[in-house]
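Structure first, then comments.
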Amino acid sequence: MKTSILVLYTGGTIGMMRDAKTGSLVPFNFDNLYDHLPVLRNLDYNIDFYSFENLIDSSNMTPEFWISLAGKIKENYDKYDGFVVLHGSDTMAYSASALSFMLENLAKPVVFTGSQLPMGMVRSDGRENIIASIEIAAAKNQEGCPMVPEVSILFENQLLRGNRSTKHNAEHFNAFVSGNYPNLADVGVRIKYNTEYIAQKTTKKLIVHTKMNSNVGILKLFPGITFNMVHNTLRTPEMKGLILETYGSGNAPTTEWFINELKAAIDNGLIIYNVTQCKSGSVEMGRYETSLNLNKIGVVSGHDITTESALAKLMYLIGEGYSREEVCSWLQVPLRGEMTI
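The sequence shown lines up with residues 19 to 359 when you count with the numbering used here.
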């Protein structure tokens with residue numbers, strides 16, 4: 019039986035073509051993908067395509083769309099060996115992180131990819147990204163098990179763990195970086211799978227979580243941040259959790275008003291999650307005096323998690339209805355390989 023792959027198009031640059039009459043970019047008809055990528059016929063797979071009815075630019079991505087995407091994967095989970103998600107690059111790391119938490123016990127590849135240039139342009143990186151993504155989604159080991167049974171991102175010859183990725187470049191084709199975790203695979207003449215870093219296949223039944231709570235926020239520290247900005251952010255109505263983007267290894271101002279504002283918010287039930295602004299490295303609360311106070315008042319360490327993954331994890335845990343104490347506990351341990359402790 020041939021390996022079967024479902025390609026899901028959500029919107030974004032990769033699916034755009036230049037209209038011959040108007041010169042403007044219009045959505046690509048994926049029913050005709052074989053005409054534009056005839057090399058796909060050389061792959062001995064059954065490849066089906068599904069385009070969401072309401073295509074969106076990834077800048078308009080929402081948790082509601084993540085739920086639709088997870089639902090479509092659930093609906094087709096037993097019919098296909100792997101999935102490729104074509105997605106705009108701007109919020110791809112957020113979506114890949116979210117899907118990693120939503121798809122518990124995932125045992126099949128879900129490969130996100132996109133492009134910096136539309137498919138219809140001569141130098142588009144989209145063609146190679148689609149081809150490599152399909153190959154990876156279909157790849158199996160000698161035992162017939164998927165090579166990469168997790169949510170990943172394929173961009174410019176690098177396969178990265180989805181919830182470890184961040185978009186760091188808007189100009190170059192190598193748009194994504196995984197500062198705290200090695201590549202899952204490197205695409206060259208051959209695809210080299212770094213099996214020691216890839217999640218092990220589970221035999222448990224897939225569980226799809228669809229209760230994402232978006233009452234969370236992000237506060238990025240900067241020199242000169244004012245009392246009013248901190249005060250008003252911490253008192254955002256209905257906010258359940260806040261990601262505090264700190265300096266270096268989790269450091270923050272030691273001024274009395276700042277610490278008092280955080281403490282008051284925590285005492286009032288807000289979960290504050292300490293994540294470094296750096297693209298690589300880890301939060302180590304208490305290593306310096308500038309993070310010691312955060313530890314004392316109950317700020318939760320995010321270790322080496324990315325902001326994108328931290329946001330998705332907070333939405334997932336709060337959405338699942340865990341108590342504040344349970345959420346704080348789960349935030350400090352890896353659930354889907356999203357952090358190293």
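Ideal Cβ positions, reconstructed from N, Cα and C, are used throughout, including at glycine. What you are looking at is a predicted structure, and each value in this text was computed from that prediction instead of being measured.
- In this structure, the alpha-carbon of Asn175 lies about 34 Å from that of Lys229.
- Secondary structure of Tyr112 (DSSP, three-state): helix.
- Put simply, the backbone Cα of Asp204 is about 43 Å away from that of Ile315.
- A distance of 7 Å or more separates the beta carbons of Leu117 and Val166.
- Secondary structure within the stretch 57 to 97: the beta strand (DSSP E) runs of 3 or more consecutive residues, fully enclosed, are 63 to 69 (chain order).
- Within the model, the alpha-carbon separation for Ile152 versus Pro164 is close to 12 Å.
- As far as DSSP is concerned, Ser232 takes part in no beta bridge.
- Annotation for Val103: the continuous beta strand (DSSP E) segment containing it runs Gly100 to Leu104.
- About 5 Å separates the beta carbons of Val345 and Leu335, which is inside the 8 Å limit, making them a contact pair.
- In this structure, DSSP gives Glu263 an extended state, which the three-state scheme calls strand.
- A contact is defined here as three or more CB-CB pairs under 8 Å, and the stretch 324 to 340 meets this definition with respect to the stretch 102 to 113.
- For Ala125 against Ser183, the beta-carbon gap comes to about 21 Å, at or over 8 Å, which does not count as contact.
- Ranking Met120, Lys238 and Arg59 by CA distance to the CA of Ser86 puts Met120 first.
- The continuous stretches of alpha helix (DSSP H) do not include Val25, which lies in the beta strand (DSSP E) extending over residues Thr21 to Tyr27.
- If you ignore the 5 residues before and after Asp66, its C-beta comes within less than 6 Å of the C-beta of Leu24, all in its own chain and listed in chain order.
- Taking the C-beta atoms as reference points, Asn60 is found no nearer than 7 Å to Ser22.
- Relative to the Cα of Asn286, the nearest Cα in the group Val317, Lys297, Glu307 and Glu274 belongs to Val317.
- No Cβ-Cβ contact shorter than 7 Å links Val248 with Glu274.
- If you ignore the 5 residues before and after Arg305, its C-beta comes within less than 7 Å of the C-beta of Ser267, all in its own chain and listed in chain order.
- A direct Cα-to-Cα measurement between Asp99 and Ala156 gives close to 7 Å.
- The closest CA to that of Leu239, considering only Asn212, Leu260 and Leu177, is found on Leu260.
- Scanning the stretch 145 to 193 for uninterrupted beta strand (DSSP E) segments of 3 residues or longer gives 169 to 173 and 176 to 179, listed from N- to C-terminal end.
- Between the alpha carbons of Thr28 and Glu214 lies a gap of roughly 31 Å.
- Counting C-beta atoms within 10 angstroms of its own C-beta, Gly180 has 16 or more neighbours from the protein chains shown and is therefore classed as buried.
- Each of Ile289, Lys219 and Asn313 was checked against the Cα of Leu252, and the nearest Cα belongs to Ile289.
- By the Cβ-count criterion, Asp75 is exposed, with fewer than 16 other Cβ atoms from all chains shown falling within 10 Å of its own Cβ.
- About 6 Å separates the beta carbons of Ile171 and Phe194, which is inside the 8 Å limit, making them a contact pair.
- A distance below 7 Å between beta-carbons, with the five flanking residues on each side excluded, links Lys210 to the following residues of its chain, in chain order: Ala203 and Asp204.
- Around the beta carbon of Phe245, fewer than 16 other beta carbons sit within 10 angstroms, so the residue counts as exposed.
- Its chain contains Ser113, Ala116, Leu117, Met120 and Met230 as the residues whose beta carbon lies nearer than 7 Å to that of Trp84, once the 5 sequence neighbours on both sides are disregarded; these appear in chain order.
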